[in-house]
Amino acid sequence: MKKPKWVVEKEQAKRAAAAETVWLFGLHAVRDALLNPARTRLRLVVTLNAEAKLADAIAASGMTPEVSDPRKFAAPVPADSVHQGAALEVKPLDWGRLEDVAIPTGDRPARIVLLDRVTDPHNVGAILRSAEVFGALAVVGVQRHSAPETGALAKTASGALERQPYLRIRNLAEGMEALKDMGYLVLGLDGEAEQTIEQAIAGQRDRPVALVLGAEGPGLRDKTKTTCDALVRIDFAGGFGSLNVSNAAAVALYASKG
Numbered sequence: 001m002k003k004p005k006w007v008v009e010k011e012q013a014k015r016a017a018a019a020e021t022v023w024l025f026g027l028h029a030v031r032d033a034l035l036n037p038a039r040t041r042l043r044l045v046v047t048l049n050a051e052a053k054l055a056d057a058i059a060a061s062g063m064t065p066e067v068s069d070p071r072k073f074a075a076p077v078p079a080d081s082v083h084q085g086a087a088l089e090v091k092p093l094d095w096g097r098l099e100d101v102a103i104p105t106g107d108r109p110a111r112i113v114l115l116d117r118v119t120d121p122h123n124v125g126a127i128l129r130s131a132e133v134f135g136a137l138a139v140v141g142v143q144r145h146s147a148p149e150t151g152a153l154a155k156t157a158s159g160a161l162e163r164q165p166y167l168r169i170r171n172l173a174e175g176m177e178a179l180k181d182m183g184y185l186v187l188g189l190d191g192e193a194e195q196t197i198e199q200a201i202a203g204q205r206d207r208p209v210a211l212v213l214g215a216e217g218p219g220l221r222d223k224t225k226t227t228c229d230a231l232v233r234i235d236f237a238g239g240f241g242s243l244n245v246s247n248a249a250a251v252a253l254y255a256s257k258g
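Going by the numbering used here, 133 is the number at position 133 of the sequence shown; the sequence numbering is gapless.
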C-alpha cells in the first residue's frame, strides 16, 4: 500500500533533520561546545595556534583535531567569518518540549523569551546571551521563521547557546497558550502599549512571565498580540523610543526580574 504524500514528506523531513549538521566557529563557541556533554561532535578543525588555546577543552572532549593551515582553513565556514582558527562540526542541540523546559525551578520566578519571527542570527545570539545572564529558562522561536542554530548565532551568543535552551516550535500562539495554562503571564512588547512592563507585573513579580518580542519593523503579528495577556512597552525618556530587538529583550528581562 502506497504511503500518503504527507507521511512521506514527514519522514523525509525527519531524516533531513537527523542528517543536519552545523559548523560552529570562534574560540568561545568551539570551547563551550567541546565541553558540553549534550553535544554530538563530528569534526574539529584548528590551526596550531587555536589548538594550543583550546588544549584543555580538546583533551576533555576526547576529539582528535585536524590541524589546518590558517591561510587555507579546511573547515567550510563563510569566507568572511572571524573563526579565530577553530571550527567544530556538530549536530544541533535538542532541548526537548517547551512544556518541560518551562517548568519553574529554584527560588527565582520563571522568565521565558518568545520571539515572533526574529530571523537575524546576530540578534538571536545576543538575546540568548542576555537570557543566560538574567536567568531565563528558555528562548523560543518559530520553526519556519526564526534564526536556526548557525555558526554566526553561536559566535554572537559567546557560549550561551550551549547553556541557554533555544527551542523552535511549530506555532507560537499555541506555545503561548500552553504557557498560560501553566500559569505564565504572557506579555507582548509593543511601543504603543498603554502600560509599562513594571506596571503590568506590579504585585505579581513572583509569577512566571513570558516576554514576547517581534521582529524589528513588523513587530508582533496580530494573532500574537491577541494571544498575549497584555501588551506592554519599555518606558523611555525623550522623543525617541526605538530599541534593537536584542537590546529590548535585555531591558525587558531586567525590568521583569523577580
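Even glycine gets a Cβ: it sits at the ideal position worked out from N, Cα and C. Only a predicted model underlies this, so the values are computations on that prediction, with no experimental measurement involved.
Let me check understanding here. Comparing Cα to Cα, which of GLY135, THR119, ALA126 and VAL251 lies closest to GLY214? Out of GLY135, THR119, ALA126 and VAL251, THR119 has the C-alpha closest to the C-alpha of GLY214.
On the three-state DSSP scale, how would you describe LEU167? strand
Quick one: give me the first and last residue of the alpha helix (DSSP H) that LEU48 is part of. 48 to 53
Cβ-based neighbour list, GLY159, same chain, cut-off 7 Å, excluding 5 preceding and 5 following: HIS28, ALA29 and ASP32
Counterpart residues of GLU89 in DSSP-defined beta bridges: TRP23 and ARG43
Could you tell me whether the Cβ atoms of GLY191 and SER242 are closer together than 9 Å? yes
Within the chosen definition, does the region 104 to 123 reach the region 50 to 58 through at least 3 CB pairs nearer than 8 Å? no
Note the first and the last residue of the continuous alpha helix (DSSP H) segment covering ALA215. From DSSP, ALA215 is part of no alpha helix (DSSP H); its letter is neither H nor E.
Given this structure, state the Cα-to-Cα distance separating CYS228 from LEU179, to the nearest angstrom. 11 Å
Which two residues bound the contiguous beta strand (DSSP E) that contains VAL133? It is not in any beta strand (DSSP E) - VAL133 instead sits in the alpha helix (DSSP H) that spans 121 to 133.
Which of helix, strand or coil does DSSP assign to GLU149? coil
Going along the chain, which residues of its own chain have a beta-carbon closer than 8 Å to the beta-carbon of THR47, five neighbours each way excluded? VAL67, SER68, ASP69, PRO70, PHE73, GLY85 and ALA86
What first and last residue would you give for the beta strand (DSSP E) that runs through VAL251? Here VAL251 belongs to no beta strand (DSSP E); instead the alpha helix (DSSP H) covers 245 to 255.
DSSP state of GLU66, grouped into three classes? Three-state DSSP puts GLU66 in a strand.
Classify GLY22: buried if its beta carbon has 16 or more other beta carbons within 10 angstroms, exposed otherwise. According to the sequence displayed, residue 22 carries Val and not Gly. Only buried fits VAL22, as 16 or more other CB atoms lie within 10 angstroms of its CB.
Taking 9 Å as the threshold (C-beta atoms), are LEU42 and GLU89 in contact? yes
Assign ARG108 to buried or exposed, taking buried as 16 or more other Cβ atoms, counted over all protein chains shown, within 10 Å of its Cβ. exposed
Decide if ASP116 is buried, meaning its Cβ has at least 16 other Cβ atoms within 10 Å, or exposed. When all chains shown are included, ASP116 counts as buried.
Cα-Cα, which of PRO65, ALA210 and LYS155 is closest to ALA255? ALA210
Rounded separation between PRO76 and VAL82 - CA only: 13 Å
Using only the alpha-carbon positions, how far apart do LEU44 and LYS257 sit? 39 Å
Count the other CB atoms within 10 Å of the CB of GLY26; is the residue buried (16 or more) or exposed (fewer)? Classification of GLY26: buried, given that the 10 Å Cβ count is 16 or more.
Tell me whether the region 131 to 147 and the region 159 to 170 touch, counting them as touching only if at least three CB pairs, one residue from each stretch, are closer than 8 Å. yes
Quick one: what's got a C-beta closer than 6 Å to LEU155's C-beta in the same chain, skipping five residues either side? Inspection of the sequence shows that residue 155 is occupied by Lys rather than by Leu. Taken in chain order, the residues that qualify are GLY26 and ALA29.
Quick one, are the C-beta atoms of THR196 and ARG233 less than 9 Å apart? yes
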